[in-house]
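In the working numbering, the protein residues as written are 7 to 387.
For glycine and all other residues, C-beta sits at the position ideal for the given N, C-alpha and C.
Bear in mind the structure is a predicted one, so any value in this text is a computation, not a measurement.
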Amino acid sequence: MISLAKLADLARDPSTSGRKSLIGALTDMFVGSGDDRDEQISLLFGDIVLKVLGQLEEETRIILAKRVCGERAAPRDLMVKLAQDTISVAEPVLENSPALTSEDLVAIASSASMKHLGAIAGRQVVDKAVTTVLVDRGDSEVLSKVAENKGAEFEDGSFLKLVEKARSNESIQAALVGRSDLPEEAAHALLPFLTEELKERISSLGADSTLVQLLAERAATEVAARAHKLEEAREQSNALIKDVVNKKTKIDDAITLFARSDRTAELGMLLARVSDLPPAAVSQLLFSASDKPLIILCKANGVTSEAYKDILTMRARRLRMGGLELNAAIQRYSALSEAGAIRSLETLKQSGGVFGLKTTADKTADEVEPAKKNIPFASSR
């Protein structure tokens with residue numbers, strides 16, 4: 007150990023190199039004495055270093071900070087001073103010093119730079135008083151770091167603030183997802199804006215995770231809501247179809263509603279009910295290659311050309327029909343008279359035709375009238 011005479015000589019040297027040598031010698035003495043060091047040594051070390059600290063170059067202060075940052079008996083006043091220095095000096099102290107109290111860290115975090123806050127956020131243990139300041143003042147980098155820190159404790163209010171600040175920051179969201187201490191209120195607030203990737207990550211967490219439980223509950227609720235919505239839509243569709251059959255609603259209105267919303271099942275059911283035909287057979291006609299049976303069915307039930315265009319648009323999306331094909335289909339529909347369509351429909355129903363008893367649908371639609379009624383398919387008479 008260095009002698010007191012040598013320390014006295016170093017103290018009398020006011021040069022930069024002299025100060026550096028003095029601090030180096032004192033640090034050696036302080037660190038080298040270990041846990042058995044005399045309290046007087048700690049006091050002497052702190053008193054002398056604090057007096058000359060402002061005269062030391064940054065490089066020397068960095069070395070000093072790194073050497074004493076892990077010492078529990080390091081003079082508190084000195085560690086606070088080092089913690090408020092430039093980030094290069096302060097970082098090891100803020101991250102590691104056990105001499106700094108919660109009150110010290112709160113005071114420093116209340117006014118220090120974001121880099122200083124980031125160093126505090128990386129401490130092995132960060133209590134609730136400190137995290138409250140970090141959450142209030144911190145930028146996204148600080149918030150992500152403290153949220154990822156499993157040794158950081160949060161008040162429920164701080165968790166809620168973190169969630170609010172995480173809305174537009176996926177890194178904070180990801181950090182929060184990994185926390186097992188996330189309170190239920192904060193978890194509820196976090197779920198709505200999580201990405202699908204993060205939701206998948208949640209599913210891999212343990213069953214006791216609050217987020218896992220909430221996600222499962224939410225999924226069940228959404229399924230029930232969709233089922234309820236489908237049931238309501240089905241009831242509304244059935245009521246509408248019933249009104250059409252009872253002549254309370256125009257068939258064109260129902261055709262337009264179902265076709266424009268691509269509700270093919272309801273459209274098939276509507277045409278089947280007004281025609282007294284099997285729903286399964288009618289549904290097949292909606293997208294069959296030939297539109298002739300569909301033309302007969304719609305025309306016989308008084309569907310106007312305007313409403314039929316909605317059905318054609320729906321067919322065109324599924325069958326990838328072009329403009330020329332659509333125009334030709336519209337002309338075919340206009341060419342058939344309603345009376346002719348009614349006669350054709352009755353003949354088809356009696357023969358089984360396109361409604362499941364035969365497989366030659368196109369032949370039936372083409373030939374049934376010329377053969378039995380001597381009325382051309384496209385006749386408008």
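Self-check item: Where V131 falls: helix, strand or coil (DSSP)
Solution: coil
For a minimum of 4 consecutive residues, which ranges assigned as the alpha helix (DSSP H) are wholly contained in the stretch 29 to 100?
Runs of the alpha helix (DSSP H) spanning 4 or more residues and lying entirely within the stretch 29 to 100 occur at 45 to 58, 64 to 74, 82 to 89, in chain order.
Item to check | A239 (DSSP reduced to helix, strand or coil) | outcome: helix
Any idea which residues DSSP pairs A158 with across the strands?
Beta-bridge partners assigned by DSSP to A158: V132.
Mind reading off the beta-carbon distance from E101 to G144? Whole number of angstroms is fine, and I expect it under 8 Å.
So it is not a contact: roughly 15 Å between Cβ atoms.
Worksheet item: If you pair each beta-carbon of the stretch 301 to 315 with each one of the stretch 323 to 331, do three or more pairs fall below 8 Å?
Response: no
Subject >> Close beta carbons around R82, own chain, < 7 Å, minus the five adjacent residues each side >> reply: When the five nearest sequence neighbours on each side are left out, the beta carbons in the same chain lying within less than 7 Å of the beta carbon of R82 are those of A105, in order along the chain.
Around the Cβ of L107, are there at least 16 other Cβ atoms within 10 angstroms (buried) or fewer (exposed)?
For the record, residue 107 in the displayed sequence is Thr; it is not Leu. Its Cβ having fewer than 16 others within 10 Å, T107 is exposed.
Exposed or buried, which one is P98 when buried takes at least 16 other CB atoms within 10 Å? buried
What are the boundary residues of the alpha helix (DSSP H) that K298 is part of? 298 to 306
### Message
Considering only their Cβ atoms, is the gap separating C75 from S39 smaller than 8 Å?
### Response
no
key: 8 Å Cβ cutoff met for L28 and V58   = yes
Taking the beta carbon of K26 as the centre, do at least 16 other beta carbons fall within 10 Å, making it buried, or is it exposed? Result: buried.
With a threshold of 16 other CB atoms inside 10 Å of the CB of K235, please say whether the residue is buried or exposed. exposed
State the start and end residues of the unbroken alpha helix (DSSP H) segment that holds A265.
257 to 266
*Assigned exposure category for S350 - 16 Cβ within 10 Å defines buried*: buried
Quick check on the DSSP output: the alpha helix (DSSP H) that includes D110 runs from which residue to which? 108 to 115
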